[in-house]
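The numbering of the first sequence is the working numbering, which starts it at -11 and goes up by one.
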Amino acid sequence: MNNKSVKKLTAFEWKVLSATLKIPLGETRTYQWVAKQIGCPKAVRAVGQALKKNPYPVIIPCHRVIKSDGSLGGYAGNHTGRKKILLNKEQNILAAMIGKS
DNA sequence: TGTCCGCGGGTGT
DNA sequence: ACACCCGCGGACA
């Protein structure tokens, strides 16, 4: 997991990224869920920060991480529903994959 | 339903 | 070492 090429990320950030990567395609998880995975269910805010600072936004499905009440969160709120669109397309892709099979 | 506080860790100063 | 920040969560009004 740890490469020397990687930026200075702390263990907790790695936990967050790893937990986020564990989220199944087309599925969504809450910050609280991720926080619990890393062993800090109260560090939900820190989780969000780690995601925001994530070095690989491409492999990190930040849009897949939402608030506990089902809201997409501030990221999407600051844009034109970026999370929602990404998630929607993601589900569309998943559906297409299933359809092709 | 709306607003406030607290939790946990990062980064900047 | 201290203070402020953050893509939240939960409690209280």
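Here a beta-carbon is modelled for each residue, glycine too, at the ideal position from N, C-alpha and C.
Round the Cβ separation of residue i and residue j to the nearest angstrom and send it over; I've been treating them as touching at under 8 angstroms.
{"i": "L82", "j": "K71", "result": "Going by Cβ atoms, the distance from L82 to K71 rounds to 16 angstroms, so no, they are not a contact pair."}
{"i": "T8", "j": "I54", "result": "With a Cβ gap of about 12 angstroms, T8 and I54 do not count as contacting."}
Would you mind sorting residue i into buried or exposed? The rule is 16 or more other CB atoms within 10 Å of its CB.
{"i": "R52", "result": "buried"}
{"i": "A(-1)", "result": "exposed"}
{"i": "N(-10)", "result": "In this prediction, N(-10) has a pLDDT of 44, which is less than 50 and means its spatial position is unreliable; what the coordinates show is noted afterwards. Exposed, by the Cβ-count rule."}
{"i": "I86", "result": "exposed"}
{"i": "I47", "result": "exposed"}
{"i": "I26", "result": "buried"}
{"i": "I73", "result": "exposed"}
Per DSSP, which one or two residues make a beta bridge with residue i?
{"i": "T18", "result": "I54"}
For residue i, which residues from the same chain have a beta carbon less than 7 angstroms from its beta carbon, with the 5 sequence-adjacent residues on both sides left out?
{"i": "V22", "result": "V4, A7, T8, V35, V53"}
{"i": "Q20", "result": "P29, V32, S56"}
Give a yes or no on whether the C-beta atoms belonging to residue i and residue j are separated by under 8 angstroms.
{"i": "E78", "j": "A38", "result": "no"}
{"i": "L(-3)", "j": "P43", "result": "yes"}
Within a Cβ cutoff of 6 angstroms, which residues of the same chain sit near residue i, ignoring the five residues on either side of it in sequence?
{"i": "T16", "result": "R52, I54"}
Cutting at 8 angstroms between CB atoms, please list the residues of its own chain near residue i, excluding the five before and the five after it.
{"i": "K40", "result": "C50, Y63"}
{"i": "G69", "result": "L60"}
{"i": "S(-7)", "result": "Residue confidence is low: S(-7) scores 39 on pLDDT, short of 50, so the model does not pin down where it sits. Its coordinate-derived value is still stated next. Result list for S(-7): empty, nothing under 8 angstroms."}
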